[in-house]
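Everything in the sequence shown is counted per numbering that gives the first Met the number 0, starting at 0 for the first residue and increasing by one.
We put the beta carbon where it would ideally sit given N, CA and C, even for glycine.
The structure displayed is predicted, hence computed values, not measured ones.
Presented below is the structure to which this report refers.
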Amino acid sequence: MSEEKARIAVIGLGNAGLPLAAVIADSGIDVIGVDINEGRCQLINQGKNPIPEEEGLEELIGLHGGKRLIATSRFIDARDCRNYIVIVPLFVDPSNNPDFTIMEKALQSLGRILKKGDLVVLETTFPPGTTDNKVRRWLCQSSGLKEEDFFLAYSPERIMTGYSISRLRDFPKVIGGTDEESGFRAYQVYKQFISNLHLVSSARVAEMIKVMEGCYRDVNIALANELFKICEEMGIDFSEAREYANHKFCNIHLPSTGVGGHCIPVYPWFLIKEMEKREHFDKCRLLHTSRLVNDEMIQYWAEKILLECMKFDKPLSLVKICIKGITFREGVKEFYHSRNLALAKLLADKGLDVYVADPILSEEDVRGKGLRYLKAVDADLVFDPFELKFEVSGRTTRSGALP
Ligand SMILES: NC(=O)c1ccc[n+]([C@@H]2O[C@H](COP(=O)([O-])OP(=O)(O)OC[C@H]3O[C@@H](n4cnc5c(N)ncnc54)[C@H](O)[C@@H]3O)[C@@H](O)[C@H]2O)c1
């Protein structure tokens, strides 16, 4: 068996790591998945899919779980692998600085089984330069190896929750090494299971590609939100204007209650914080402002909801308001940085009679988030944060509505 065809270890079998491990296994390569969550490992080894909302994953885990894809909570079980892929989370702390705690721990564990000549590829989204600096340092410290003893590369995960398998199969994926040989070696390994693969000049470029994408989305959503507010203020139909404004060179996004999830609201901070550290505040003004514009959208919608409530012939505190959805994105049961959840809480903090209804959430799910459940038909006023529409007694109102 060639070095490249050798077994691959995937560290972190979460929403991103598990689909990747399953796709690798499906390409005919044996995979050892390492995850500290023992329950999840057991499920996978029984051929059971722990992420039912991920299209196509059920079939792959059923086929390969416990066979070509073996999950374990012990790093030592992966000691015979030559190729390691790491995809554990990286969050930002309350001051929006990257928090490497989980990553450092995983790399310390990996370092203890790392051998001369092994390849390590990072997939977690990083501030550019992280693989070259922190990752290399932690791996050297924990393994006792010198930096030239192992190969190190970076390839950003570009999946979208729910569509990960098809994204891995079709969407262009980039990979870059911390040196030429690492890049080349990583490319050879990944080429076996990623068909649309592009080798870029360095790990730093590969890191920047993913962060750039997040920044583009955030800034463009902020622009759409600002144009929407201006249109509303001036009595102009935003949707009609947007429809005809958009063409090959102009892509005005849709307005929203802000930007949620693990990715888009987080990645601009990687660059903002780096520029702030270098005291180059002028270089990240647009990114910073866009973050604020998007985060402040919940105040804008709260005010609009309040104005709608004032149209009822009863005290404000007695108007039953139903927010139709508190997840960060429609149809995805995730709440990280959810602006819809933040909006519901903001209204409750203002003393309003707020409830939640969501087709993918149970009453228990809603209560678990500190909110109350109510069927939309039983509310006086319904606000749909995904469609940005109001309903009063089952009728959609024009105010704030997008056709
Ligand atoms: N989920 C997505 O849609 C998505 C999209 C693009 C990029 N990403 C990137 O992937 C990263 C991971 O995201 P995710 O959604 O898979 O997170 P997740 O929380 O779903 O999964 C992370 C997994 O890592 C495991 N883990 C934590 N510490 C570990 C350790 N020391 N050793 C082994 N396993 C450990 C956890 O038990 C968990 O199963 C994100 O930080 C992001 O950079 C995710």
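Helix, strand or coil at A8 according to DSSP, with G and I counted as helix:
DSSP places A8 in strand when its eight states are reduced to three.
Would you kindly work out how many angstroms separate the C-alpha atoms of V120 and P18, rounded to a whole number?
When rounded, the distance between both Cα atoms is 16 Å.
Alpha helix (DSSP H) segment containing V288, residue limits
This sequence places Thr at residue 288; Val is not what is there. Its alpha helix (DSSP H) spans residues 284 to 294.
Selected residue, minimal CA-CA separation from C321, among H287, L291, L370, E278:
Taking C321 as reference, the option from H287, L291, L370, E278 with the minimal CA-CA separation is L370.
Buried or exposed: where does I174 fall if 16 or more other Cβ atoms within 10 Å of its Cβ makes it buried?
I174 should be labelled buried.
Let me know if M159 comes out buried or exposed under the rule of 16 or more other beta-carbons within 10 Å of its beta-carbon.
With a 10 Å radius around the Cβ and a threshold of 16 neighbouring Cβ atoms, M159 comes out exposed.
Given a cut-off of 8 Å, decide if I75 and C28 are closer than it, judged by their beta-carbon atoms.
In the sequence on display, residue 28 carries Ile and not Cys. Not a contact, by the Cβ cut-off of 8 Å.
Rounded to the nearest angstrom, how far is the Cβ of L167 from that of I193, given a contact under 8 Å?
Separation of the CB atoms of L167 and I193 is rounded to 7 Å, and the pair is thereby assigned contact status at 8 Å.
Since L409 and V188 should fall inside the 8 Å C-beta cutoff, what is the C-beta to C-beta distance between them, to a whole number of angstroms?
Nothing about residue 409 can be reported from this structure: the residues present for the chain run from 0 to 402 only.
When you compare the CB positions of S181 and F150, do they come within less than 8 Å of one another, or not?
Going by C-beta atoms, S181 is nearer than 8 Å to F150.
Considering only residues of the same chain and omitting the five flanking positions on each side of N82, which have a CB-CB separation below 6 Å?
Beyond the five residues adjoining it in sequence on each side, N82 comes within less than 6 Å, by CB distance, of I7, L118, V188 in the same chain, given in chain order.
Is V188 near ligand 1, in the sense that its beta carbon is under 7 Å from a heavy atom of that ligand?
Relative to ligand 1, the beta carbon of V188 is positioned no closer than 7 Å to any heavy atom.
Is there contact between the stretch 286 to 297 and the stretch 222 to 237, where contact requires at least three CB pairs shorter than 8 Å?
Judged by Cβ distances under 8 Å, the stretch 286 to 297 makes contact with the stretch 222 to 237, as three or more pairs qualify.
D412: which of L144, D178, L196 sits nearest, CA to CA?
A query on residue 412 cannot be resolved here, the shown segment of the chain reaching from 0 to 402 and no further.
Please name the residue in C80, A21, A152 whose C-alpha comes closest to that of G46.
When each option's Cα is compared against that of G46, the closest is A21.
Pull up the distance between the alpha-carbon of T71 and that of H63, whole angstroms please.
Roughly 14 Å between the two C-alpha positions.
Mind checking Y186: buried by the 16 CB within 10 Å criterion, or exposed?
With 16 or more other Cβ atoms within 10 Å, it is buried.
Let me check understanding here. Comparing Cα to Cα, which of A205, T256, S392 lies closest to A152?
Answer by Cα proximity: A205.
Can we count M159 as close to ligand 1, meaning its CB is less than 7 Å from some heavy atom?
The closest heavy atom of ligand 1 lies less than 7 Å from the beta carbon of M159.
Which same chain residues end up closer than 7 Å to N95 when comparing Cβ atoms and leaving out the 5 residues on each side of it in sequence?
By the criterion of a C-beta distance shorter than 7 Å, N95 is surrounded in its chain by W268, K272, once the five residues flanking it on both sides are discounted.
What are the partner residues of C249, as DSSP defines its beta bridges?
H246, per the DSSP bridge assignment.
Less than 8 Å between the beta carbons of R328 and G234, yes or no?
Pairing R328 with G234 gives a Cβ-Cβ distance that is not under 8 Å.
Can you find the residues in the same chain that come closer than 8 Å, C-beta to C-beta, to L285, ignoring five residues on each side of it along the sequence?
The answer, listed in chain order, is V218.
Is it true that the CB of V30 sits closer than 8 Å to the CB of P127?
Taking 8 Å as the Cβ cut-off, P127 and V30 do not qualify as a contacting pair.
Can you tell me the Cβ-Cβ gap for V355 and L346, rounded? I've got them flagged as a contact below 8 Å.
About 10 Å; that fails the 8 Å criterion.
State the Cα-Cα distance for the pair N132 and P97, rounded to the nearest angstrom.
Rounded to the nearest angstrom, the two C-alpha atoms are 14 Å apart.
Using CA coordinates, which residue listed in L351, G330, G324, V331 is at the minimum distance from L340?
The residue with the shortest Cα to Cα distance from L340 is G324.
Taking 7 Å as the cut-off, is the C-beta of I31 nearer than that to any heavy atom in ligand 1?
No, ligand 1 has no heavy atom inside 7 Å of this Cβ.
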